[in-house]
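*Asks:*
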Amino acid sequence: MALIGTFLALIVKEQKPNIAFLLVVFVGCTIFLFLVDKISEIINMLEKLAVNANVNMVYVETILKIIGIAYIAEFAAQITKDAGQGAIASKIELAGKILILAMAIPILTVMIETIIKLIPS
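In this note's numbering, the protein residues as written are 485 to 605.
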């Protein structure tokens, strides 16, 4: 499907660049929606592993949210770059990185506290 979309976009781009862009966005979104089932299977597997390993689910959920932010930010930045808006794409990437850092702070805090407890005083 991606190859067909690519060839169609290349053919249409010469005559109607706006339609070609919409075609690229449609194909990208369709591929993403096709993969949602696989993503949910992976998330369920990771949650089962976390439960079996007695890991606090708050941390697992936070990590999964961070991964989701990374994927969504990358997808949005790529679509924006395809539209010829590289400056906005770089801002989307920056916003994604800042959100990831903000969500990682509780995990980093726990890691630092654990390391400090392990160091003899």
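Beta carbons: idealized from backbone N, C-alpha and C, even for Gly.
Being a predicted model, the structure only gives us computed values, none of them experimental.
Okay, do the segment 530-540 and the segment 506-516 touch, 3+ Cβ pairs below 8 angstroms being the bar?
*Replies:* They do not touch, by the three-pair rule.
*Asks:* Within 10 Å of its beta-carbon, does residue 552 have 16 or more other beta-carbons around it, so buried, or fewer, so exposed?
*Replies:* Counting every other CB atom within 10 Å of its CB across the protein chains shown gives residue 552 a total below 16, marking it as exposed.
*Asks:* Check whether the Cβ atoms of residue 560 and residue 571 sit closer than 9 angstroms, and answer yes or no.
*Replies:* Taking 9 angstroms as the Cβ cut-off, residue 560 and residue 571 do not qualify as a contacting pair.
*Asks:* Under the rule that 16 or more other beta-carbon atoms within 10 Å means buried, what is residue 576, buried or exposed?
*Replies:* buried
*Asks:* Whole-angstrom Cβ separation of residue 619 and residue 503, contact assumed at under 8 angstroms?
*Replies:* Because the chain in this structure spans residues 485 to 605, residue 619 falls outside the shown range and cannot be described.
*Asks:* With H, G and I counted as helix, E and B as strand and the rest as coil, what does DSSP make of residue 500?
*Replies:* coil
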